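To start, the structure itself, in structure tokens.
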Amino acid sequence: MNHKTVQRQYRHLSPTERLALVLESLGRDDDGELGALIQSCPVYEYRLQDQDFWDLHNKSRMLAHLFAAIWFQTKGQVETARLRKGTFYLVGSLFERGFGLALKDFDSAPSEQSMVWGEYEEKLKSFEEYRQEAIEAERLCISRLKGVYAALFRFCQMAQLEPHQLLAWTPPLRDEVKEFMEGLAPDIEADEEMTETIFQSFSLAWPVAAV
0 MNHKTVQRQY
10 RHLSPTERLA
20 LVLESLGRDD
30 DGELGALIQS
40 CPVYEYRLQD
50 QDFWDLHNKS
60 RMLAHLFAAI
70 WFQTKGQVET
80 ARLRKGTFYL
90 VGSLFERGFG
100 LALKDFDSAP
110 SEQSMVWGEY
120 EEKLKSFEEY
130 RQEAIEAERL
140 CISRLKGVYA
150 ALFRFCQMAQ
160 LEPHQLLAWT
170 PPLRDEVKEF
180 MEGLAPDIEA
190 DEEMTETIFQ
200 SFSLAWPVAA
210 V
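In structure tokens form, the structure reads like this:
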């Protein structure tokens, strides 16, 4: 199929089909196809279709940037929780090691009745409790982040787009999201409330004619 034939077909695309191809071209940095798609968009005829396309175009960019803001905020919470968990684990390990070295320096262990053992066990228990709290906090943050992605996926299904197409507006994020999601704990479910809240807000912002 030659280039002119393809361009003629471009004129008969629906607004949603044109948007999907525009975003694919944007993601590939294909300026030639991007230009052909834009230039073939009806201007003098089918004005309603033309306006529908540009509504979708502008809303898709806005929602991609909104998703990026939500993603980076929630991802930051995951990374903070991981750092906190790692800190408690490290401090607890260093405490155990330091106590062992102290016993070695004294060449003898305290008696079983010594208060040292009680204090030692209490400290270890505190570190373990803090670490468990940090683990739960991390799992909660991961669940929320999965909820963010699930909302994107659900919205794109409704909008007849693929997630990578919508994220063509934010190239660094497009490549990061899939890789980051694959590294998350598979046993943690997405936060359904997070998913529903984001999906509803995105759906309300999407042009009604496109749904």
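Numbering-wise, the sequence shown is residues 0 to 210 according to numbering that gives the first Met the number 0.
Glycine included, every Cβ here is placed at the ideal spot set by N, Cα and C.
Everything numeric in this text was worked out from a predicted model, so none of it was measured.
Let's test the definition: count the other Cβ atoms within 10 Å of the Cβ of residue i and tell me whether it reaches 16, buried, or not, exposed.
{"i": "Gly34", "result": "exposed"}
{"i": "Asp190", "result": "buried"}
{"i": "Ala133", "result": "buried"}
{"i": "Ala68", "result": "exposed"}
{"i": "Ala149", "result": "buried"}
{"i": "Thr86", "result": "exposed"}
{"i": "Glu251", "result": "With the chain covering only 0 through 210, there is no way to say anything about residue 251."}
{"i": "Phe152", "result": "exposed"}
{"i": "Leu55", "result": "buried"}
{"i": "Lys3", "result": "Caution is warranted here: a pLDDT of 48 is assigned to Lys3, below 50, making its placement in the model unreliable, and the coordinate value is therefore given only provisionally. Exposed, since its Cβ has fewer than 16 Cβ neighbours within 10 Å."}
{"i": "Lys177", "result": "exposed"}
{"i": "Pro170", "result": "exposed"}
{"i": "Arg46", "result": "For Arg46, the predicted model reports a pLDDT of 46, less than 50, meaning its position is unreliable and no value from the coordinates is stated."}
{"i": "Gln38", "result": "exposed"}
{"i": "Leu203", "result": "exposed"}
{"i": "Gln164", "result": "buried"}
{"i": "Asp51", "result": "buried"}
{"i": "Thr194", "result": "buried"}
{"i": "Asn1", "result": "Note on Asn1: pLDDT 40, under 50, position unreliable in the model; no value is reported."}
Check each candidate in the options and name the one with the smallest Cα separation from residue i.
{"i": "Leu36", "options": "Asp28, Asp29 and Val21", "result": "Val21"}
{"i": "Asp186", "options": "Glu192, Ser39, Asp29 and Ile141", "result": "Ile141"}
{"i": "Leu166", "options": "Ser200, Leu203, Phe66 and Ala150", "result": "Phe66"}
{"i": "Arg143", "options": "Arg173, His11, Gln156 and Met180", "result": "Met180"}
{"i": "Thr196", "options": "Asp174, Arg173, Phe154 and Glu23", "result": "Phe154"}
{"i": "Lys145", "options": "Gln72, Leu18, Leu25 and Leu160", "result": "Gln72"}
{"i": "Asn57", "options": "Lys84, Asp30, Cys40 and Leu18", "result": "Leu18"}
{"i": "Gln76", "options": "Gly31, Met157, Phe201 and Val147", "result": "Val147"}
{"i": "Gln159", "options": "Gln8, Asp30, Ser59 and Ser24", "result": "Ser59"}
{"i": "Glu127", "options": "Leu89, His64, His163 and Pro162", "result": "Leu89"}
{"i": "His64", "options": "Asp174, Gln199, Lys84 and Trp168", "result": "Trp168"}
{"i": "Arg130", "options": "Pro162, Ala80, Asp29 and Phe201", "result": "Ala80"}
{"i": "Arg219", "options": "Thr15, Gly26 and Met157", "result": "A query on residue 219 cannot be resolved here, the shown segment of the chain reaching from 0 to 210 and no further."}
{"i": "Trp205", "options": "Leu183, Leu62, Glu135 and Lys74", "result": "Leu62"}
{"i": "Arg83", "options": "Asp30, Asp51, Glu32 and Glu135", "result": "Glu135"}
{"i": "Gln156", "options": "Leu183, Phe198, Asp28 and Glu175", "result": "Phe198"}
{"i": "Glu11", "options": "Glu23, Cys40 and Gly31", "result": "Note that residue 11 corresponds to His in the displayed sequence, not to Glu. The shortest C-alpha separation from His11 is found at Cys40."}
{"i": "Trp53", "options": "Ser13, Ser24 and Ala184", "result": "Ser13"}
{"i": "Ala269", "options": "Leu139, Glu23, Glu192 and Glu175", "result": "A query on residue 269 cannot be resolved here, the shown segment of the chain reaching from 0 to 210 and no further."}
{"i": "Trp70", "options": "Glu192, Glu175, Ser200 and Gly182", "result": "Glu175"}
{"i": "Gly182", "options": "Thr15, Lys74 and Ser200", "result": "Lys74"}
*Pick out the complete beta strand (DSSP E) segments inside the segment 3-34, 3 residues or longer, and give them in chain order.*
If only complete runs of 3 or more residues are kept, the segment 3-34 shows no beta strand (DSSP E) anywhere.
_Within the segment 120-173, ranges of the alpha helix (DSSP H) (whole runs, at least 4 residues)_ = Within the segment 120-173, the complete alpha helix (DSSP H) runs of at least 4 residues are 162-165.
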